[in-house]
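So the structure is just underneath, and the comments pick up after that.
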Amino acid sequence: MKANERFYKIDKDFRNPYARDRDRVIHSGSFRKLEYKTQVFLNHEGDYFRTRLTHSIEVSQIARSITSNLGLNESLAEAIALSHDLGHTPFGHVGGDTLDECLKDDGFKNGFEHNFQSFRVVSSIEKRYKNFDGLNLTFATLEGILKHSYPYKKSFLPEYIHEQFNLETHPSIEAMVVDRADEIAYISHDIDDGINSGLITFEDLKTSELACEILQKVADEGITQENDEMFRYRFSSHLINHLVYSLLEYSKDKVTTDEILSATLDCKSEIPIGFEPSLETKIKKLKSLLFRKLYQHKNIVTKMFAGKQAIKGLYLGFSQEEKMLPEFFYKQLESRSKHRVIADYIASMSDRYALSLHNEMYGKL
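Residue numbers (our numbering): 7 to 371.
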């Protein structure tokens with residue numbers, strides 16, 4: 007199979023190519039598993055908290071709103087948004103970092119990286135066609151998943167990536183929109199979930215200038231009870247609206263529609279999608295506050311530590327006895343590195359399945 011046939015072939019379809027990409031992602035097994043993959047809170051802690059699935063849907067909605075207003079391709083942005091977290095392991099970034107450590111300890115210098123894993127999921131791991139692997143997505147969608155906003159120059163990338171993609175350029179403008187939509191979504195919903203869980207309070211947020219501006223917008227509506235559910239809803243709504251409108255205002259004169267599907271901006275070019283510098287600073291400070299107060303909260307750290315031990319245990323168990331692998335992955339041992347196969351299998355798991363399987367292997371902790 008030639009390199010340019012590895013990813014896609016054109017076939018007749020009533021949809022436009024990017025709508026088709028979106029549908030193929032939505033119907034994939036990897037997308038469904040996002041329902042039980044951690045965003046911040048483990049899925050079984052409650053029905054309210056966001057998961058990777060609900061996060062991906064929220065990112066898609068925000069990205070579509072932005073691209074629509076900028077005259078860009080909504081379906082392309084939607085396909086990239088719904089795919090961008092497919093490579094995440096159970097237990098969020100902690101799970102990915104742990105799997106990366108396990109592989110590097112076994113001599114695999116390239117380790118594990120969730121962005122590239124998302125690309126691998128849609129281009130090779132998912133199996134939907136007899137004669138080739140992957141979901142048969144378009145080049146623009148694949149590039150957006152691979153690069154996000156920036157040139158993606160990593161030492162571990164295989165040769166076929168260098169042959170197919172210009173790693174010296176930014177991806178499409180739609181991919182840049184998705185990257186910032188991702189940021190807007192997780193800031194707003196992590197605050198919402200954090201407040202709802204009781205791990206942070208609006209009082210904690212008052213050290214953030216941006217949060218204070220949004221709190222004032224809520225107060226201007228006459229809603230003053232910070233422990234009221236309506237207050238939390240209105241805060242999230244105002245925060246998203248403020249960031250989206252600010253992004254549109256800053257970016258509208260920098261985007262030209264003749265660049266929609268081109269990836270011609272080199273690594274030295276300014277990204278046309280973003281916020282004015284003062285707001286970028288406020289966002290950075292708010293994210294730093296969330297890291298200290300929420301992501302590093304002892305309750306979250308304790309749950310993630312348990313997840314980390316589960317990842318280590320699964321990796322060790324499969325390394326010692328590969329016959330525990332399911333048939334789909336076990337057959338791959340004939341042609342691929344055992345440890346890479348194990349990593350792909352663990353990365354594909356949901357939180358609850360990883361915990362259940364770990365307990366089955368070692369006895370309930």
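No residue lacks a Cβ here, since even glycine has one placed at the ideal position from N, Cα and C. Quick caveat: nothing in here was measured; it's all calculated off a predicted structure.
8 Å Cβ cutoff met for residue 81 and residue 128: By 1-based counting over the sequence shown, the position of residue 81 is 75. By 1-based counting over the sequence shown, the position of residue 128 is 122. Not in contact: residue 81 and residue 128 (Cβ atoms no closer than 8 Å).
Range of the contiguous alpha helix (DSSP H) that encloses residue 277: The residue labelled residue 277 in the question sits at position 271 within the sequence shown. Careful: residue 277 lies outside any alpha helix (DSSP H) and carries neither H nor E.
Reduced DSSP category for residue 60 - H, G, I as helix; E, B as strand; rest coil: Taking the sequence shown and counting its residues from 1, one reaches residue 60 at position 54. The answer is helix: DSSP assigns residue 60 an H, G or I state.
Within the segment 193-221, ranges of the alpha helix (DSSP H) (whole runs, at least 4 residues): 208-211
Inter-residue CB distance, residue 292 and residue 216 (contact presumed, cutoff 8 Å): Taking the sequence shown and counting its residues from 1, one reaches residue 292 at position 286. Taking the sequence shown and counting its residues from 1, one reaches residue 216 at position 210. The Cβ separation is near 5 Å, so the contact holds.
Bridge-paired residues (DSSP) for residue 44: For the purposes of this step, residue 44 is identified with residue 38 of the sequence shown, where counting begins at 1. The partner list for residue 44 (beta bridge, DSSP) reads 57.
Assumed close pair residue 184, residue 69 - CB separation to whole angstroms, cut-off 8 Å: Counting from 1 along the sequence shown, the entry for residue 184 is found at position 178. Counting from 1 along the sequence shown, the entry for residue 69 is found at position 63. Their Cβ separation, rounded to whole angstroms, is 5 Å, which keeps residue 184 and residue 69 in contact under 8 Å.
The segment 240-247 in contact with the segment 195-214 per 3-pair CB rule at 8 Å: yes
For residue 140: DSSP bridge partner residues: Within the sequence shown, residue 140 is the residue found at index 134, counting from 1. DSSP, once it has assigned bridges, lists 133 as partnering residue 140.
Given residue 95 as reference, the closest of 39, 328, 287, 56 once Cα atoms are compared: As a working note, residue 95 is residue 89 in the sequence shown. Of the listed residues, the one whose Cα sits closest to residue 95 is 39.
Boundaries (first-last residue) of the alpha helix (DSSP H) holding residue 120: For the purposes of this step, residue 120 is taken as residue 114 along the sequence shown, with counting starting at 1. Here the alpha helix (DSSP H) through residue 120 covers 120-126.
Residue 62 and residue 87 closer than 8 Å at C-beta: Stepping through the sequence shown from its first residue, residue 62 is reached at position 56. Stepping through the sequence shown from its first residue, residue 87 is reached at position 81. In contact: residue 62 and residue 87 (Cβ atoms closer than 8 Å).
Proximity of residue 290 and residue 278 at Cβ, strictly below 8 Å: Position 284 of the sequence shown, counted from the first residue, corresponds to residue 290. Position 272 of the sequence shown, counted from the first residue, corresponds to residue 278. Not a contact, by the Cβ cut-off of 8 Å.
Residue 259 at chain D interface by Cβ criterion, 8 Å: The structure shown contains no chain D; it is built from a single protein chain.
Spatially closest choice to residue 125 from 348, 37, 73, by CA coordinates: The residue you call residue 125 lines up with position 119 of the sequence shown. Among 348, 37, 73, the Cα nearest to that of residue 125 is on 37.
Endpoints, the alpha helix (DSSP H) within which residue 165 is located: Here residue 165 refers to the residue found at position 159 of the sequence shown. Looking at the DSSP string, the run of the alpha helix (DSSP H) that includes residue 165 is 165-170.
Residues near residue 265 in its chain [Cβ-Cβ closer than 7 Å; skip 5 each side]: Along the sequence shown, read from residue 1 onward, the residue named residue 265 stands at position 259. For residue 265, the predicted structure reports a pLDDT of 49, less than 50, and the residue's modelled location is therefore unreliable. A value from the coordinates is still provided. Only 179 meet the Cβ criterion.
Residue 354 burial status per 10 Å Cβ neighbour count (16 or more: buried): Locating residue 354 in the sequence shown gives position 348, counting from the first residue. Looking at its Cβ environment, which holds 16 or more other Cβ atoms inside 10 Å, residue 354 is buried.
Residue(s) in a DSSP beta bridge with residue 104: If you number the sequence shown from 1, residue 104 lands on position 98. In the DSSP output, where bridge partners are listed per residue, residue 104 has none listed.
Proximity of residue 229 and residue 237 at Cβ, strictly below 8 Å: Here residue 229 refers to the residue found at position 223 when the sequence shown is read from its first residue. Here residue 237 refers to the residue found at position 231 when the sequence shown is read from its first residue. Against a cut-off of 8 Å, the Cβ pair of residue 237 and residue 229 comes out as a contact.
Residue 294 classed as buried or exposed, judged by whether at least 16 other C-beta atoms fall within 10 angstroms: For this step, residue 294 is matched to residue 288 along the sequence shown. Result: exposed.
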